[in-house]
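Counting in full-length UniProt numbering, the sequence shown runs from 255 upward without gaps.
Heads up, the beta-carbon is just placed ideally off N, CA and C, and yes, glycines get one too.
For clarity, every value in this text was computed on a predicted model and none was experimentally measured.
Heads up, the thing below is written out as structure tokens.
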Amino acid sequence: RFRDVAAGWTGPAVLADGHEVSLYANVQDATGAEAAAAGPAGGIGLFRTELAFLDRPTEPSVDEQAEMYARVLGAFPNAKVVTRTLDAGSDKPLAFAGMTEEDNPALGVRGIRVDLIDRGLLDRQLDALAEAGRRTGGAHSSPWVMAPMISTVDEARDFADRCRTRGLTPGIMVEVPAVAVAVDRFLPYVDFLSIGTNDLTQYVMAADRMSSGLAALTDPWQPAVLRLIRSVARAAATVPGGRSVPVGVCGEAAADPQLACVLLGLGVSSLSVATAALPFVGAALGEVTLARCRELAALALDCDTAREARAAVMAAGA
Ligand code: PEP
Ligand code: MG
Numbered sequence: 255r256f257r258d259v260a261a262g263w264t265g266p267a268v269l270a271d272g273h274e275v276s277l278y279a280n281v282q283d284a285t286g287a288e289a290a291a292a293g294p295a296g297g298i299g300l301f302r303t304e305l306a307f308l309d310r311p312t313e314p315s316v317d318e319q320a321e322m323y324a325r326v327l328g329a330f331p332n333a334k335v336v337t338r339t340l341d342a343g344s345d346k347p348l349a350f351a352g353m354t355e356e357d358n359p360a361l362g363v364r365g366i367r368v369d370l371i372d373r374g375l376l377d378r379q380l381d382a383l384a385e386a387g388r389r390t391g392g393a394h395s396s397p398w399v400m401a402p403m404i405s406t407v408d409e410a411r412d413f414a415d416r417c418r419t420r421g422l423t424p425g426i427m428v429e430v431p432a433v434a435v436a437v438d439r440f441l442p443y444v445d446f447l448s449i450g451t452n453d454l455t456q457y458v459m460a461a462d463r464m465s466s467g468l469a470a471l472t473d474p475w476q477p478a479v480l481r482l483i484r485s486v487a488r489a490a491a492t493v494p495g496g497r498s499v500p501v502g503v504c505g506e507a508a509a510d511p512q513l514a515c516v517l518l519g520l521g522v523s524s525l526s527v528a529t530a531a532l533p534f535v536g537a538a539l540g541e542v543t544l545a546r547c548r549e550l551a552a553l554a555l556d557c558d559t560a561r562e563a564r565a566a567v568m569a570a571g572a
């Protein structure tokens with residue numbers, strides 16, 4: 255029955271109590287963005303720019319980057335598009351990022367750490383995104399952009415400065431436990447947070463996300479992961495000065511319909527998933543109220559293991 259409901263789901267994402275949810279697509283290039291725009295996506299929550307250039311031996315020029323980013327922005331002229339700066343390294347080697355072989359690439363130079371090799375790479379990408387915003391004719395006057403693998407306040411502050419001088423709206427990924435644990439120290443500098451549950455789970459559980467043998471550990475239902483998400487959402491909801499910072503989830507966790515309900519209950523306000531998963535998540539959200547999501551989150555948080563948390567939420571009929 256649920257498959258039938260999902261098949262007929264065309265968006266937008268609204269809970270059973272009328273509460274609107276921002277449900278976005280994860281994309282990796284302009285074609286993907288255009289395909290998402292033809293469906294029920296409410297925008298783009300994660301544009302993985304590194305995947306667009308994975309096959310490139312040399313760095314694309316600023317103009318060429320701007321052209322691609324403008325197409326992605328242009329696919330959603332009236333909705334949010336969050337571009338992520340190059341997350342090169344580890345499982346996504348980029349030929350032109352100047353990285354060397356490392357014993358432990360997941361703990362090495364990846365994401366924002368590419369700055370340690372070449373700050374120009376990020377500067378040129380931000381220039382291109384600002385130019386792309388100008389090319390949308392005002393539709394995206396201050397494009398949203400986030401940095402992957404942030405782990406210190408210095409990195410976040412520096413990234414935000416480089417974005418703001420170009421008129422971009424800066425955010426950071428929360429995927430390194432150091433950020434989740436001390437998130438209140440990062441909040442003054444950024445306009446939004448996006449929790450990357452794939453890496454956050456990998457680093458919290460000390461379990462390689464690429465290892466199928468460790469799947470039980472790299473499970474975002476792990477109690478420690480759920481608790482961290484709750485504390486990040488709570489901190490972001492009440493930033494000193496009366497501000498609140500929106501928190502999204504763009505990892506695979508958001509594509510699990512039951513876990514999507516739990517994430518909303520934990521205080522997350524937007525979810526971004528693969529385009530193919532949108533109908534399943536959207537249909538599941540339509541069956542629950544926000545109060546119910548909070549009950550489900552409480553049930554999950556009251557468990558000792560990922561397996562028990564999932565079973566408790568399923569048994570509750572989510
Ligand atoms: C994540 O880590 O959850 C994430 C969304 O980023 P990626 O999967 O590209 O590392
Ligand atoms: Mg990640």
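Check	Outcome
Proximal residues to Ala-267 (C-beta, below 6 angstroms), its chain only, five neighbours per side dropped	Val-275, Leu-277, Gly-536 and Leu-539
Distance cut-off 7 angstroms: Gly-505 Cβ against heavy atoms of ligand 4	With respect to ligand 4, the structure offers nothing, as its ligand set consists of ligand 1 and ligand 2.
Spatially closest choice to Ala-461 from Asn-452, Met-403, Thr-472 and Thr-451, by CA coordinates	Thr-472
Under the three-state DSSP convention, the category Glu-356 falls into	coil
Bridge partner(s) assigned by DSSP for Ile-449	Val-428 and Val-503
Contact check, Ala-393 vs Ile-366, beta carbons under 8 angstroms	no
Cut-off 6 angstroms between Cβ atoms - residues of its own chain near Arg-564, not counting five sequence neighbours on either side	Trp-475
Straight-line Cα distance separating Thr-529 from Lys-346	21 angstroms
Glu-429: CB within 7 angstroms of a non-hydrogen atom of ligand 1	yes
Val-522 beta carbon less than 8 angstroms from that of Ala-446	The displayed chain sequence assigns Phe, not Ala, to residue 446. No, Cβ-Cβ distance for Phe-446 and Val-522 is not below 8 angstroms.
Own chain, CB closer than 7 angstroms to Ala-333, minus 5 neighbours either side, in chain order	Gly-296 and Gly-297
Nearest neighbour of Val-479, chosen from Leu-517, Ala-490 and Thr-337 [CA to CA]	Leu-517
Selection from Thr-451, Arg-418 and Leu-555 that minimises the alpha carbon distance to Gly-505	Thr-451
Residues bridged to Ser-276 (per DSSP)	Ser-524
Three or more C-beta pairs below 8 angstroms linking the stretch 297-310 and the stretch 538-558	no
Gly-571: CB within 7 angstroms of a non-hydrogen atom of ligand 2	no
Delimiting residues of the beta strand (DSSP E) encompassing Arg-338	335-338
Euclidean distance between Cα positions of Glu-422 and Ala-384	Note that residue 422 is Leu in the sequence shown, not Glu. Leu-422 and Ala-384: Cα-Cα distance of roughly 7 angstroms.
CB contact flag (residue 242, Gly-502, <8 angstroms)	Residue 242 lies beyond the range of the chain shown here (255 to 572); nothing can be said about it.
Where Thr-423 sits in the DSSP three-state scheme	strand
CB contact flag (Leu-482, Val-444, <8 angstroms)	no
Distance CB(Thr-264)-CB(Pro-311) smaller than 8 angstroms	no
Cβ neighbour criterion (16 or more within 10 Å) applied to Met-568	exposed
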